[in-house]
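To start, the structure under review is shown below, and the notes come after it.
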Amino acid sequence: MARHRGDLLGLRAALSDRLLPVLVGAMSFLAALALGGALACATLAASWRGDTAAALTIQVPQPDDPDTANDGTRLAAVQRALAVDPDVQDAAVMSKAEMNRLISPWLGSDATTLGLSLPAVITAQWQGPGSTDKLASQLQRMSPGTLVKTGALWAARVAALTISLQACALAVLLVVALVAAAVVAVATRSGLAQLRETIDTVHGLGALDSDIAARFAARATWLALGGSAGGTLLALPALAWLAWLAAPFTGPARLGGFFNLPPALIALVPLLPAAAALIGWTTAQLTVRGWLRHLP
Amino acid sequence: MVRFDDVWLRYQHAGRPPEAEALRGISFEIEDGGFRWLTGPSGAGKTSLLKLIYLAEHPARGRIEILGTRATQGTRRETALLRRRIGVVYQDFRLLPQLDAYDNVALPMRLARRSEAQVQADVNEILRWVGLAHRLHARPDELSGGEQQRIAIARAVVARPRLLVADEPTGNLDDEQAERLMLLITALNKLGTTVIVATHNMGLVERYPFPRLSLEYGRLVHNG
C-alpha cells in the first residue's frame, strides 16, 4: 500500500503549482530570448568577421608610371604579382565610375576632372593564413608607395563588439537564473512556514534532513521543469521571428530546419528546462536544509 | 537506559530575553525495560522533561543519555536515527492533517524504510488493537478527540520502539479505552520497551503501581 507516499508532507497545497511555475516560466522565456540573442550575435559576428577580415584593398599611386623593373606600368606589375599569388583571389581594379562614387562625397560629383593624381584601387580577397606584410613588401618593391590594407582592424572591432554583446546576454542569463533561484527559495520558505507543524512532527519521528529536503526538492524540480518548459515553448515563436529577421544577414546555410532557427539554438533551448529543474532542486535542497538547522 | 545528570532547561527564543528555567538540576536514571510515571501539577515541567527525552530540546546544562547514547553529541543523522527508536505520544496528538489514519500510523515505519508488506501487516494489527480498524481512511478532522488520541498512540508504538514517551496519553479516553491503552503499554513494557508516561490521572497511577518521578516548579521532588 503506497497511498500518499508521494505527498507525505502536503506539499501539493503548500508549494503551489501556480505562482512558481508561472514565474519560472517567465524567467525561462527571457532566458530563451537572451540565449537566442547571444547565438544570433555570434552567428552574425562570425559572418561579418569572416567577410571583413578577408577583404583586401590595394592602392597603387601613379598607376600609369613605369614600375621599378621598367617592365610596364606600376598597375600592371601589381596586377601580375597578385595574379600569381595563391593567397589572393578575385583581384579586380576598381573602375573610374566606382572610384568616382566613392570619393564624390568629398571631391564632388566628377573628381576625375579636377586633375588630381588619384591612385588605382584594387579589391581582392585574402585567403592566406598569416598577415599580408610579405605581399605588401613585394608590391612596394615593384611599385613604391603601394599600400595594402586588410579588414583586420574592423574584424577586431566586430569581435570586441560581439564579445561585449555576448557578455551582456550571459549577464542577462545569470540574472534570470538568480531570480529563478530567488523565486524558488521564497516559495520553499513559504511552504516551510505553512508546514511548520508537519515538519516538526516528521522531524520528531526521525525523518532525516535529507528526507525532508528531498521531498521539497522533488516538488520544486517538477514545478520549475513544467514552468520552464512552458516558458521556453512560448519563446520559440519569438525566436523564430527574430531568426527570420536576421536571416538576410546570416544566410540560409547557417539556419536549421526547425522554425528556421540556428542549429546551436535548437540544441541549447531544450536545456533551459533542465537548467531550471536543476536550479529548482538545488535551491530547494539548500533552503530546506538551512531551515532545518533551526530544529534540534 | 535513560539517564539525566544535573539537567537544566531554559527556553531561549530568538530576539526575546531568556525565560526562567523550566527544569532545574534534574537527575534520575531509568533502567532498560523500566516503567516510570511522570507526575506533577500543570506547569511543573513534565512536558519539558519529556521533550528532552525525545530530543526535541537541548538542555542548557547537564548530561542526558538516551538508550545508551549521549544526547546532543551525535550528528544530525545519528540524532534522527535515535529518534526512530523512541515512540512519542504527544499531548496534542500531532497527526498530519493531509494523511488518513492508516498513513499517519504508517509514518514512522515508512520513515524507517520498512517494506510495505510489513507496514501493512503492522499498521492493520495496531489499528485493530486500538479499535480503529474500521476508520482506516478517516482523516484526523473526521475523527473524534479520543479516536485521534488512539491513532497517535498507535503511531507511537507501531514501530516497536525501545523507548516509549507518552504525554497525557489517556487525557481524551474513557475508562475502558484508558485501560485498553494501559494493557498495550504494559505489554510493550514486558517485551522490553522502556516507558515514561506523564499523567494527571492519579487513579491510573494507583492501579498500575510503577515507580514515579514527580516534578514541582521544575525540580524533581520524588523519585521512586
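For the record, the sequence lines run as chains A and B. Start counting the first sequence at 1270; every next residue gets the next number (our numbering). Start counting the second sequence at 59; every next residue gets the next number (our numbering). Ideal Cβ placement from N, Cα and C applies to all residues, glycine included.
Continuous beta strand (DSSP E) stretch holding residue i: start and end
| i | result |
| --- | --- |
| S272(B) | 270-274 |
| R94(B) | 93-97 |
| R25(B) | Any answer about residue 25(B) is impossible in this case: the structure gives chain B only from 59 up to 282. |
| V223(B) | 221-225 |
8 Å Cβ cut-off: residues of chain A touching residue i
| i | result |
| --- | --- |
| Y69(B) | Near Y69(B) there are no residues of chain A at all, since even the closest Cβ is about 12 Å away, more than 8 Å. |
| A245(B) | The premise fails here: A245(B) is roughly 22 Å from chain A at the closest Cβ pair, so nothing lies under 8 Å. |
| E115(B) | P1565 |
Extent of the continuous alpha helix (DSSP H) to which residue i belongs
| i | result |
| --- | --- |
| A236(B) | 233-248 |
| L1280(A) | 1280-1283 |
| V253(B) | Element bounds for V253(B): not the alpha helix (DSSP H) but the beta strand (DSSP E), 252-256. |
| V1417(A) | Not the alpha helix (DSSP H): V1417(A) falls in the beta strand (DSSP E), residues 1416-1419. |
| V1471(A) | 1465-1473 |
| V147(B) | Counting along the chain, V147(B) falls outside any alpha helix (DSSP H), though it belongs to the beta strand (DSSP E) covering 144-147. |
| D1354(A) | Run containing D1354(A): none; DSSP gives neither H nor E here. |
| L108(B) | 104-111 |
| G1377(A) | Neither: G1377(A) is in no alpha helix (DSSP H) and is coded neither H nor E. |
| D1402(A) | 1402-1411 |
| E183(B) | 174-187 |
| D161(B) | 159-169 |
is_contact[residue i, chain A] using C-beta, thresh 8 Å
| i | result |
| --- | --- |
| Q131(B) | no |
| V60(B) | no |
| Q156(B) | yes |
| V253(B) | no |
| L165(B) | yes |
| R152(B) | yes |
| V146(B) | yes |
Cross-chain neighbours of residue i in chain B, by beta carbon under 9 Å
| i | result |
| --- | --- |
| L1477(A) | R134, R135, A138, L139, L169 |
Minimum Cβ-Cβ distance from residue i to chain B less than 8 Å
| i | result |
| --- | --- |
| G1279(A) | yes |
| D1286(A) | no |
| G1473(A) | yes |
| T1470(A) | yes |
| T1467(A) | yes |
| P1532(A) | no |
| P1506(A) | no |
| H1273(A) | The pLDDT assigned to H1273(A) is 46, lower than 50, so where the model puts this residue is not dependable; a value taken from the coordinates is nonetheless given after this. So, interface residue. |
| M1270(A) | Residue placement at M1270(A) is flagged as unreliable, the pLDDT there being 36, under the threshold of 50; a coordinate-derived value is accordingly withheld. |
Burial state of residue i, where buried means 16 or more other Cβ atoms lie within 10 Å
| i | result |
| --- | --- |
| S1497(A) | buried |
| M167(B) | buried |
| A1486(A) | buried |
| K1418(A) | exposed |
| G1475(A) | buried |
| A138(B) | buried |
| W187(B) | buried |
| P156(B) | First, the residue type needs correcting, since residue 156(B) is Gln and not Pro in the sequence shown. Buried, because 16 or more other Cβ atoms sit within 10 Å of the Cβ of Q156(B). |
| L1514(A) | exposed |
| K248(B) | exposed |
| M260(B) | exposed |
| A1425(A) | exposed |
| Q1348(A) | buried |
| A1338(A) | exposed |
| T133(B) | exposed |
| D1354(A) | buried |
| E205(B) | buried |
Those residues which DSSP pairs with residue i across a bridge
| i | result |
| --- | --- |
| D63(B) | R121(B) |
| F86(B) | F62(B) |
| R68(B) | E79(B) |
| I1391(A) | I1327(A), V1362(A) |
| P1335(A) | T1342(A) |
| R128(B) | E123(B) |
Chain-ordered chain A contacts of residue i [CB-CB under 7 Å]
| i | result |
| --- | --- |
| R142(B) | G1475 |
| V215(B) | What V215(B) touches in chain A: nothing, since even the nearest Cβ is about 13 Å away. |
| Y266(B) | The premise fails here: Y266(B) is roughly 26 Å from chain A at the closest Cβ pair, so nothing lies under 7 Å. |
| Y112(B) | G1473 |
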